[in-house]
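In what follows, a structure is listed as C-alpha cells, so that the remarks can point back to it.
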Amino acid sequence: MSGDVLNLDLLTAGYAQEMVEKARCMTEGANKSIEALERLVTKTLGVLQEQGIYAMILFLHSRTSTEKELAKTIRASLFGLLRELPDLQNNDQFPADDAQPQEVLKFFKENILNDLDTLLLIRDLYEQTLIYSRYGAKAAKDRGA
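Structure, rendered in C-alpha cells:
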C-alpha cells in the first residue's frame, strides 16, 4: 500500500537538494554560488508568498546577469517537481525547462491557475521546496560548501 502513496515532503526535499547541488557545481566558486542561491531562493519565496505562483514564474524569468543561471536552476527543479504529480505526468503541453516565458505562463494559466485545489497544492509544494532549498543552501554555506 505504501507504494501507492506519493510522499510529497520527500519530493520537495529531493528537489531542494537538487537546487543546492546544481548551485554547488556552478563555475563561479561553490561558496559564492551557494550564497547567491540562498539570496535568490529567499527572494523567490517572498514573491511566491506575497504575489503567488504566476508572479513567481515571471520573477524567475526576469532575472539577469548573475542570477540568470541560478533562476534557470530553480525553475528546472520546480518544473521537475510538477512532472512528478500524477495529474500532470502525462500532460503533453508541459513546457521544456528552457521554454520561453510566454509558453511557461500559458501552461501555468491553463493547467494550474484554473483549478483552485491544484493551485493551492502547487503553491504549498513550491513554498516547501524553496524553504528546504534555502535551509540547504545555508547549511552548505556554513560548512564551507
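Here the numbering used here = 1-based position in the sequence shown + 12.
Each residue gets a CB set at the ideal place from its N, CA and C atoms; glycine is no exception.
Because the structure is a prediction, the values reported are computed rather than measured.
Between residue i and residue j, which are expected to be in contact by the criterion C-beta below 8 Å, what is the C-beta distance as a whole number of angstroms?
i      : j      : result
Arg146 : Leu57  : 7 Å
Met38  : Ile86  : Not a contact, Cβ separation roughly 13 Å.
Leu93  : Tyr27  : 5 Å
Ala152 : Ile46  : 5 Å
Leu52  : Glu79  : 5 Å
Asp104 : Thr130 : With a Cβ gap of about 17 Å, Asp104 and Thr130 do not count as contacting.
Pro107 : His73  : That belief does not hold up - the Cβ atoms of Pro107 and His73 are roughly 11 Å apart, past 8 Å.
Relative to the C-alpha of residue i, which residue among the options is closest?
i      : options                       : result
Thr24  : Ala111, Phe91, Leu52          : Phe91
Glu115 : Leu49, Gly148, Leu97, Leu70   : Leu70
Leu97  : Ser74, Asn123, Ala83, Thr76   : Asn123
Arg7   : Glu81, Ala67, Arg75           : Because residue 7 is not part of the residues shown, which for the chain are 13 to 157, the question remains open.
Ala48  : Asp127, Leu132, Ala83, Gln101 : Ala83
Note down, in chain order, each residue of its chain lying with its Cβ closer than 6 Å to the Cβ of residue i, except the 5 sequence neighbours on either side.
i      : result
Met13  : For Met13, the predicted structure reports a pLDDT of 42, less than 50, and the residue's modelled location is therefore unreliable. A value from the coordinates is still provided. Within the same chain, Met13 has no close Cβ partners at all.
Ala88  : Asp109
Ala149 : Val32, Ile46, Leu49, Glu50
Quick one: residues in its chain with C-beta nearer than 8 Å to the C-beta of residue i, no 5 flanking neighbours on either side, listed in chain order?
i      : result
Lys55  : Phe71
Asn19  : none
Glu139 : Leu57, Leu60, Gln61
Phe120 : Ile65, Tyr66, Ile69
Excluding five sequence neighbours on each side, which residues of the same chain lie with their C-beta closer than 7 Å to the C-beta of residue i?
i      : result
Leu137 : Leu20, Thr24, Leu93
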